[in-house]
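Only one structure is covered here, and it is reproduced in the block below.
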Amino acid sequence: MSKLSPQQFKDYLMQIRRLAEGPLEEIQKEVEVTNKFPQEFYDLAIKNDLYRFALPSQYGGWDLSELDILRVQEEFSRGPGGMRMHLHYAADLNWRILDDYGCPELKAEYMHKFCDKSVFTCFALTEQTGGTGADVHTTAMKDENGNYVLNGEKWLISFTDMNTHSYIHAVTDPAADPDVAQFAYVIAVTDPEKTGDERLSAFFVPMDAPGFELVPMPHMMGCRGAGHAGFKMEDVVLEPKYRLGEEGQGMEVAMHSLAISRVHIADSNLGMCQRMLEMSLARARDRVTFGK
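Residues 677 to 968 in the numbering used here are what the sequence shown lists, from first letter to last.
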């Protein structure tokens with residue numbers, strides 16, 4: 677179905693609440709031990725349209741308003757935190773950057789693949805050496821053929837955890853390790869002579885490209901199952917079609933996308949707080965102390 681009636685949408689919200697508080701809570705018991713989402717989690721997310729619901733109908737989605745997208749997110753945020761992190765990214769940054777800034781050729785090739793997680797991405801701005809902002813050091817310089825050659829590093833990037841499978845196997849066969857993204861949205865310097873935001877551009881980088889290498893990092897506190905890593909790029913060659921937007925538009929791409937994402941994070945906190953309040957009230961009613 678491409679669109680939901682008001683009753684269908686109401687039923688869907690309850691479906692996602694039951695999923696978050698039931699099956700996903702059970703799966704989390706395993707995740708707390710393994711620090712890895714099992715395939716069952718991804719299968720349930722696909723079955724319950726959690727990679728599909730936020731997409732425009734032209735890509736297999738439901739044409740929901742941003743408010744309704746946030747209402748769905750509020751419901752799945754009542755479940756485990758690491759799963760919430762994965763699904764909040766899937767509902768927004770995962771596909772939105774390519775849709776807003778990708779060239780027609782890239783969009784035609786990949787946008788329809790987000791709805792069932794055939795394609796998953798990561799967002800890469802932060803660097804160990806350059807921080808998070810216009811002072812990044814990663815470069816994307818044009819060669820004699822007009823292609824971009826990327827060199828540099830990124831750090832603390834979500835959805836790049838290698839876990840127990842080899843990285844190259846995972847990105848060429850997503851079923852081998854569903855935790856690993858296949859593409860990275862990378863912000864890099866294309867004009868080092870400039871000093872402001874206009875020195876940066878954005879790229880859609882295949883993570884199986886020659887010269888692309890993941891770098892493990894210690895697990896972050898909390899968010900069990902939602903992995904992070906760094907990566908290095910050494911002479912990674914990209915055709916011009918992989919640039920997102922125009923040259924010099926990189927910081928705009930990043931801030932436009934992150935601004936929407938931050939609303940999603942705030943909404944996630946609302947769902948989590950509602951659940952915690954309900955659990956606290958239930959505990960206060962049921963608690964027995966001094967025989968009362």
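Ideal Cβ positions, reconstructed from N, Cα and C, are used throughout, including at glycine.
On a predicted model such as this, the values are computed, not experimentally measured, just so you know.
Please report the residue range of the beta strand (DSSP E) in which Gly967 lies. It is not in any beta strand (DSSP E) - Gly967 carries neither H nor E in the DSSP assignment.
Suppose you measure from the CA of Phe799 to the CA of Arg919; what does that come to, to the nearest Å? 14 Å
Cα-Cα separation between Arg694 and Tyr718, rounded to whole angstroms: 16 Å
If you draw a straight line from the C-alpha of Phe790 to the C-alpha of Gly872, how long is it? 33 Å
Cα separation between Ala730 and Asp884? 27 Å
Taking C-alpha atoms, which residue in Asp819, Gly757, Ala860 lies nearest to Met952? Gly757
Best match in Gly698, Ile703, Glu751, Lys712 for proximity to Lys686 [C-alpha to C-alpha]: Glu751
Among Ala960, Cys949, Arg959, whose alpha-carbon lies nearest the alpha-carbon of Ser753? Cys949
Hey, would you say Leu890 sits closer than 8 Å to Val862, going by beta carbons? no
Which one or two residues does DSSP pair with Met817 in a beta bridge? Val825
Helix, strand or coil for Ala909 per DSSP? Strictly speaking, residue 909 in this sequence is Met, with Ala absent from that position. Looking at Met909 - three-state DSSP - the assignment turns out to be strand.
Let me know if Met690 comes out buried or exposed under the rule of 16 or more other beta-carbons within 10 Å of its beta-carbon. exposed
Alpha-carbon spacing of Ala942 relative to Lys870, whole angstroms: 35 Å
Compute the distance between the beta-carbons of Phe879 and Ala864, then report whether it is under 8 Å. yes
Would you call His762 buried or exposed, if buried means 16 or more other Cβ atoms sit within 10 Å of its Cβ? buried
Under the rule that 16 or more other beta-carbon atoms within 10 Å means buried, what is Val964, buried or exposed? exposed
Going along the chain, which residues of its own chain have a beta-carbon closer than 7 Å to the beta-carbon of Ser1020, five neighbours each way excluded? Only positions 677 to 968 of the chain appear in this structure, which leaves residue 1020 out of reach.
Look at the Cβ atom of Met787, then the Cβ atom of Asp775, and state whether they are nearer than 8 Å. yes
Consult DSSP for Trp831 and reduce its assignment to one of helix, strand or coil. strand
Residues of its chain near Lys783, where Cβ-Cβ distance is below 7 Å and the 5 sequence neighbours each way are ignored: Leu774, Asp775
Quick one, are the C-beta atoms of Trp771 and Thr802 less than 8 Å apart? no
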